[in-house]
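Student: Sending over a structure as structure tokens; questions will come in a sec.
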Amino acid sequence: MKKIPQDPIICLSYVNTQLRDFYSSLDLLCDDLMINRDELVKKLADAVFLMTESKTDFIDHERQTNDE
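What follows is the structure, given as structure tokens:
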């Protein structure tokens, strides 16, 4: 994962912006940037972010749990 920011918070912002502006799915983003999808999801999950149902952005898992 050398083409994306390594800091989890900055990475989250970068990925969500890319998904919003340029890609219709995480799979397309990962394919285009040649990064491992599972590693990216794990990196963000380790920082307490989960992919939403629509699969077009990541959210704070703790915020989602508190909103339910």
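Residue numbers for the sequence shown follow this note's numbering, beginning at 402 and rising by one.
Cβ coordinates follow ideal geometry from the N, Cα and C atoms, glycine included.
Everything numeric in this text was worked out from a predicted model, so none of it was measured.
1) Using beta-carbon positions only, say whether Leu434 and Leu413 come within less than 8 Å of one another.
2) Keeping to the same chain, check which residues put their C-beta closer than 7 Å to that of Tyr415; ignore five residues upstream and five downstream.
3) Could you pull out every residue in the same chain whose Cβ sits closer than 7 Å to the Cβ of Gln419, ignoring the five residues on either side in sequence?
4) Enumerate in chain order the residues of its own chain whose CB-to-CB distance from Tyr424 is below 6 Å, with the five nearest sequence positions on each side excluded.
5) In terms of residue numbering, what span does the alpha helix (DSSP H) encompassing Lys443 cover?
Tutor: From the atom records:
1) In the sequence shown, the residue the question calls residue 434 occupies position 33. In the sequence shown, the residue the question calls residue 413 occupies position 12. Not closer than 8 Å, so no.
2) The count along the sequence shown starts at 1 and reaches residue 415 at position 14. Hits under 7 Å: Ile405, Pro406.
3) As a position in the sequence shown, residue 419 is number 18, starting the count at 1. If you ignore the 5 residues before and after Gln419, its C-beta comes within less than 7 Å of the C-beta of Leu430, all in its own chain and listed in chain order.
4) For the purposes of this step, residue 424 is taken as the residue at position 23 of the sequence shown. Here the set comprises Leu430.
5) Counting from one through the sequence shown, the residue named residue 443 turns up at place 42. That run of the alpha helix (DSSP H) goes 438-447.
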